[in-house]
Amino acid sequence: MKLPYLLAACALSIAMIGSAQAKTPTDQLIIGMSMNNLLSLDPAGATGNDVVEVNANMYDSLVELDPADTYKILPGLAESWSVAADNRSITFKIRKGVKFHSGNPLTAEDAAWSLQRVLKLNLALASVWKGYGFTAANVEQNIRALDAETLVLTLPEPTDPKLVVYTLGTSVGAMVLDRKKVLANEKDGDMGRAWLTTNEAGSGPFALNEWRQKDVLLMTRYDGYWRSPAKLKRVVLRHMTESQTLRLMLERGDIDVANGMSVPDVEAMKKNPNVGIEAVKRGNVYYVAVSVKDAKFADKRVRLAIRNLIDYDGINKTVMPNYGLYHQRPVQMGLPATLPNPGYKLDVPAARKLLAEAGFPNGFKTTIRVLSDPPFINIATNLQSTLALGGIEASVIPGTGNQVYGAMRDRQFEIIVGRGGGGAEPHPHSSLRSLVYNPDNRDEAKLTNFQGWRTSFISPEINALIEKAEIEQDEKKQTAMYQEIQKLYDQQVGAIQPVSQMVDTVVLQKDVRNFHSHPASTTRWREVSKQR
Numbered sequence: 018m019k020l021p022y023l024l025a026a027c028a029l030s031i032a033m034i035g036s037a038q039a040k041t042p043t044d045q046l047i048i049g050m051s052m053n054n055l056l057s058l059d060p061a062g063a064t065g066n067d068v069v070e071v072n073a074n075m076y077d078s079l080v081e082l083d084p085a086d087t088y089k090i091l092p093g094l095a096e097s098w099s100v101a102a103d104n105r106s107i108t109f110k111i112r113k114g115v116k117f118h119s120g121n122p123l124t125a126e127d128a129a130w131s132l133q134r135v136l137k138l139n140l141a142l143a144s145v146w147k148g149y150g151f152t153a154a155n156v157e158q159n160i161r162a163l164d165a166e167t168l169v170l171t172l173p174e175p176t177d178p179k180l181v182v183y184t185l186g187t188s189v190g191a192m193v194l195d196r197k198k199v200l201a202n203e204k205d206g207d208m209g210r211a212w213l214t215t216n217e218a219g220s221g222p223f224a225l226n227e228w229r230q231k232d233v234l235l236m237t238r239y240d241g242y243w244r245s246p247a248k249l250k251r252v253v254l255r256h257m258t259e260s261q262t263l264r265l266m267l268e269r270g271d272i273d274v275a276n277g278m279s280v281p282d283v284e285a286m287k288k289n290p291n292v293g294i295e296a297v298k299r300g301n302v303y304y305v306a307v308s309v310k311d312a313k314f315a316d317k318r319v320r321l322a323i324r325n326l327i328d329y330d331g332i333n334k335t336v337m338p339n340y341g342l343y344h345q346r347p348v349q350m351g352l353p354a355t356l357p358n359p360g361y362k363l364d365v366p367a368a369r370k371l372l373a374e375a376g377f378p379n380g381f382k383t384t385i386r387v388l389s390d391p392p393f394i395n396i397a398t399n400l401q402s403t404l405a406l407g408g409i410e411a412s413v414i415p416g417t418g419n420q421v422y423g424a425m426r427d428r429q430f431e432i433i434v435g436r437g438g439g440g441a442e443p444h445p446h447s448s449l450r451s452l453v454y455n456p457d458n459r460d461e462a463k464l465t466n467f468q469g470w471r472t473s474f475i476s477p478e479i480n481a482l483i484e485k486a487e488i489e490q491d492e493k494k495q496t497a498m499y500q501e502i503q504k505l506y507d508q509q510v511g512a513i514q515p516v517s518q519m520v521d522t523v524v525l526q527k528d529v530r531n532f533h534s535h536p537a538s539t540t541r542w543r544e545v546s547k548q549r
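In terms of our numbering, the sequence shown has 217 at position 200, counting the first letter as 1, and numbering is strictly consecutive.
Next up, the structure:
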């Protein structure tokens with residue numbers, strides 16, 4: 018079926034749904050979601066959870082993490098792997114017979130080139146691999162294909178090899194690209210970057226047909242998929258930002274899955290017998306961050322005052338149901354190393370005293386940058402009101418992902434309400450690397466994927482302990498180190514204050530089967546079907 022006719026058919030099937038009896042096509046999965054943060058499909062430069070889920074269905078990874086138990090590593094393109102006795106290299110055996118959507122055979126050379134490309138382009142995802150010691154200069158030497166079926170990663174610096182394997186199963190930058198296809202679309206030495214912004218070169222269960230930003234993204238089943246063809250023929254993502262629209266479309270049968278519904282609408286849908294609710298805890302946290310580059314927030318007493326002016330209980334009770342779970346630590350909940358919540362509370366008198374001691378007896382003016390979507394904007398308005406109790410007059414500046422996180426990456430902000438913190442890998446280092454670690458605080462370092470760097474907060478003591486814990490092979494000692502890091506971060510009043518750990522709540526039609534949201538956002542649709 019030609020693409021224009023295909024899109025017209027999809028549009029017609031959706032437009033025809035005007036009665037309570039109407040349903041989406043049996044062989045299609047129609048997903049309603051906000052695409053505001055879907056900015057590029059290039060795995061090397063893609064950021065945000067939405068693009069991870071999209072790319073997890075167009076590309077394959079060397080390994081996958083079991084959605085029911087993320088500690089369990091499952092084979093992907095690598096049918097097996099082994100770690101050297103000295104923990105300094107990992108060898109992967111690439112399965113034979115896999116073909117890309119182009120028909121080109123997938124080899125270990127494609128896998129090596131894909132990872133090398135991330136470092137050479139030096140986009141957002143490069144920071145993850147730089148954290149393991151890989152650089153553009155050493156990556157060809159350390160990530161090599163010995164032959165068509167053998168890939169070797171030599172670790173430039175000591176680290177926990179299991180953490181590296183976890184990253185290969187969770188990072189969008191670790192997805193394997195069709196090297197020949199990408200280079201055929203290279204322009205001016207960009208390694209296909211411009212082309213991959215709106216195209217794909219994968220081997221996954223679905224192939225991209227078309228993506229119109231903030232409108233629709235259409236994928237069709239790849240019948241040559243190495244596992245076996247996906248159950249459904251087509252996946253359609255529709256851009257919807259209004260929760261009430263998502264709710265109406267679900268109730269009418271216009272969509273199968275809704276992402277990003279508001280708390281009242283999710284609660285209302287729980288009473289609908291025709292839908293189901295699926296909630297999965299992710300490693301990311303919602304946080305309030307301040308810039309230590311700003312003279313006010315460089316003062317520890319002001320940061321502590323801000324911490325005392327967050328209404329954790331109120332936010333988690335009124336704003337975060339179906340979005341997040343009460344959490345105040347930089348290490349995600351549920352890990353052996355995670356300390357109990359310290360019990361921070363809204364304490365206006367303590368905050369006012371600290372501000373007076375810091376030279377701000379009458380408070381000050383500031384700004385809060387925030388995404389305009391819930392729950393971010395709701396957290397920000399709550400924060401605005403409690404900051405006012407302490408004498409701080411904060412103006413809320415809503416914006417898109419580029420406007421908000423762009424300002425944070427440029428280190429040009431005062432306060433941000435955001436979400437992040439790694440956490441895709443079930444390992445404390447994943448969270449600390451993202452939220453706390455800052456090995457080089459210079460502007461020119463541009464460690465934009467480290468949110469600790471974005472805030473300009475640096476603690477040599479904490480950095481050293483993070484580096485030491487990462488390579489500690491005694492699990493008990495390693496756990497103790499990670500707990501000590503959390504205590505130090507508490508004492509030093511880090512620039513990022515977690516408020517709640519992310520919960521991704523999805524509402525779906527009852528006839529949708531085998532839709533399993535993944536904690537690392539790598540939700541795969543290859544086994545999804547409909548029972549009618």
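All C-beta atoms, glycine included, are put in the ideal place defined by N, C-alpha and C. Predicted model only: the values in this text are computed from it and were never measured.
Per the contact definition of three or more C-beta pairs closer than 8 Å, is the region 285-301 in contact with the region 263-275? yes
Could you pull out every residue in the same chain whose Cβ sits closer than 7 Å to the Cβ of Asp328, ignoring the five residues on either side in sequence? What you label residue 328 is simply residue 311 of the sequence shown in a count that begins at 1. Cβ within range, chain order: Leu363, Asn399, Thr403.
Count the other CB atoms within 10 Å of the CB of Ala141; is the residue buried (16 or more) or exposed (fewer)? The residue you call residue 141 lines up with position 124 of the sequence shown. With 16 or more other Cβ atoms within 10 Å, it is buried.
Considering only their Cβ atoms, is the gap separating Ser308 from Arg428 smaller than 8 Å? Counted from its first residue, the sequence shown places residue 428 at position 411. Counted from its first residue, the sequence shown places residue 308 at position 291. It is a contact, given that the beta carbons lie within the stated cut-off.
Counting Cβ pairs, one atom from each stretch, are 3 or more of them under 8 Å apart for the region 369-388 and the region 412-421? yes
Candidates Gln526, Ser97, Ala512: closest to Tyr107 by CA position: Here residue 107 is taken as the residue at index 90 of the sequence shown, counted from 1. Checking the sequence, you will find Ile at residue 107 rather than Tyr. Checking every option, the nearest Cα to that of Ile107 belongs to Ser97.
Report the option in Gly300, Ala481, Asn159 whose CA atom is closest to the CA atom of Met350. Taking the first residue of the sequence shown as 1, we reach residue 350 at position 333. The option with the nearest alpha carbon to Met350 is Gly300.
Determine, for Gly206, whether the minimum Cβ-Cβ distance to residues of chain B falls below 8 Å. Looking at the structure shown, chain B is missing, and only one protein chain is on hand.
Quick check on DSSP: helix, strand or coil for Ile272? Position 255 of the sequence shown holds residue 272. Ile272 falls in the coil class under three-state DSSP.
The region 187-202 / the region 119-136 touching (three or more Cβ pairs under 8 Å): yes
What residue ranges within the region 34-119 form continuous beta strand (DSSP E) runs of no fewer than 3 residues, ordered along the chain? 45-50, 80-83, 86-92, 95-100, 106-111
So, helix, strand or coil for Met278, using DSSP? Translated into the one-based positions of the sequence shown, residue 278 becomes position 261. In the structure shown, Met278 sits in coil (DSSP, three-state: anything other than H, G, I, E or B).
Going by beta carbon distance, what residues of the same chain come within less than 6 Å of Trp470, once the five residues before and after it are set aside? As a working mapping, residue 470 is identified with position 453 in the sequence shown. Cβ within range, chain order: Asn455, Leu464.
With respect to the alpha helix (DSSP H) encompassing Ser473, which residues constitute its N-terminal and C-terminal limits? Translated into the one-based positions of the sequence shown, residue 473 becomes position 456. Premise fails: Ser473 is in no alpha helix (DSSP H) and is neither H nor E.
Since Arg238 contacts Leu249 with CB under 8 Å, what's their CB separation in whole angstroms? Here residue 238 refers to the residue found at position 221 when the sequence shown is read from its first residue. Here residue 249 refers to the residue found at position 232 when the sequence shown is read from its first residue. Rounded, the Cβ-Cβ distance is 7 Å, consistent with contact.
Per DSSP, which residues does Ser546 bridge with? Please list them. As a first step, residue 546 is located in the sequence shown; it is residue number 529 there, counting from the start. The partner list for Ser546 (beta bridge, DSSP) reads Arg530.
Going by DSSP, which residues form a beta bridge with Met236? For this step, residue 236 is matched to residue 219 along the sequence shown. According to DSSP, Met236 bridges with Leu225, Val252.
Would you tell me roughly how many angstroms separate the C-alpha atoms of Asp103 and Glu487, rounded to the nearest one? As a working note, residue 103 is residue 86 in the sequence shown. As a working note, residue 487 is residue 470 in the sequence shown. Cα to Cα, Asp103 sits roughly 15 Å from Glu487.
Does the Cβ-Cβ distance between Glu227 and Leu58 come in under 8 Å? Stepping through the sequence shown from its first residue, residue 227 is reached at position 210. Stepping through the sequence shown from its first residue, residue 58 is reached at position 41. Taking 8 Å as the Cβ cut-off, Glu227 and Leu58 do not qualify as a contacting pair.
On the DSSP letters alone, give me the boundaries of the alpha helix (DSSP H) that Ser412 sits inside. As a position in the sequence shown, residue 412 is number 395, starting the count at 1. No alpha helix (DSSP H) holds Ser412; the beta strand (DSSP E) holding it covers 410-416.
Which complete alpha helix (DSSP H) runs does the region 370-432 hold, if anything under 4 residues is left out? 393-406, 418-426
Give the list of continuous beta strand (DSSP E) stretches no shorter than 3 residues that lie fully inside the region 289-364. 292-307, 341-343
For Leu24, which of helix, strand or coil comes out of DSSP? The residue labelled residue 24 in the question sits at position 7 within the sequence shown. At Leu24, the pLDDT of 49 sits below 50, so the modelled position is not reliable and the matter cannot be decided from this model.
Does the contact criterion of 3 or more C-beta pairs under 8 Å hold for the region 159-170 versus the region 105-120? yes
Separation of Ala61 from Asn202, as counted between CA atoms: For the purposes of this step, residue 202 is taken as residue 185 along the sequence shown, with counting starting at 1. For the purposes of this step, residue 61 is taken as residue 44 along the sequence shown, with counting starting at 1. For Asn202 and Ala61, the distance between alpha carbons rounds to 16 Å.
Here's the rule I'm using: 16 or more other beta-carbon atoms within 10 Å means buried, otherwise exposed. How should Arg450 be labelled? By one-based count along the sequence shown, residue 450 stands at place 433. Classification of Arg450: buried, given that the 10 Å Cβ count is 16 or more.
Length-filtered (4 minimum) alpha helix (DSSP H) runs lying within the region 124-200: 125-138, 143-147, 156-159, 178-187
When you compare only the Cα positions, how much space is there between Gln508 and Leu91? Looking up residue 508 in the sequence shown gives position 491. Looking up residue 91 in the sequence shown gives position 74. Those two C-alpha atoms are separated by around 39 Å.
DSSP puts Gly435 in a beta bridge; with which residues? The count along the sequence shown starts at 1 and reaches residue 435 at position 418. Paired residue(s): Tyr304.
According to the Cβ coordinates, are Ser517 and His256 closer than 8 Å? Here residue 517 refers to the residue found at position 500 of the sequence shown. Here residue 256 refers to the residue found at position 239 of the sequence shown. Contact flag unset, no.
Measuring straight from C-alpha to C-alpha, what distance separates Thr41 and Met52? For the purposes of this step, residue 41 is taken as residue 24 along the sequence shown, with counting starting at 1. For the purposes of this step, residue 52 is taken as residue 35 along the sequence shown, with counting starting at 1. Rounded to whole angstroms, Thr41 to Met52 spans 21 Å at the Cα level.
By the DSSP assignment, the alpha helix (DSSP H) with His444 in it spans what residues? For the purposes of this step, residue 444 is identified with residue 427 of the sequence shown, where counting begins at 1. No alpha helix (DSSP H) holds His444; DSSP gives it neither H nor E.
Using the rule of at least 16 other Cβ atoms within 10 Å of the residue's Cβ for burial, across every protein chain shown, is Asn379 buried or exposed? On the sequence shown, position 362 is the one that residue 379 refers to. That one is exposed.
Enclosing alpha helix (DSSP H) for Glu259 [first to last residue]: By 1-based counting over the sequence shown, the position of residue 259 is 242. Run containing Glu259: none; DSSP gives neither H nor E here.
Name the DSSP beta bridge partners of Met519, please? In the sequence shown, residue 519 corresponds to position 502, counting from 1. In DSSP, Met519 forms a bridge with Gly341.
Taking Cβ positions, are Ala322 and Ala368 nearer each other than 8 Å? Within the sequence shown, numbered from 1, the residue matching residue 322 stands at position 305. Within the sequence shown, numbered from 1, the residue matching residue 368 stands at position 351. Yes. Within cutoff.
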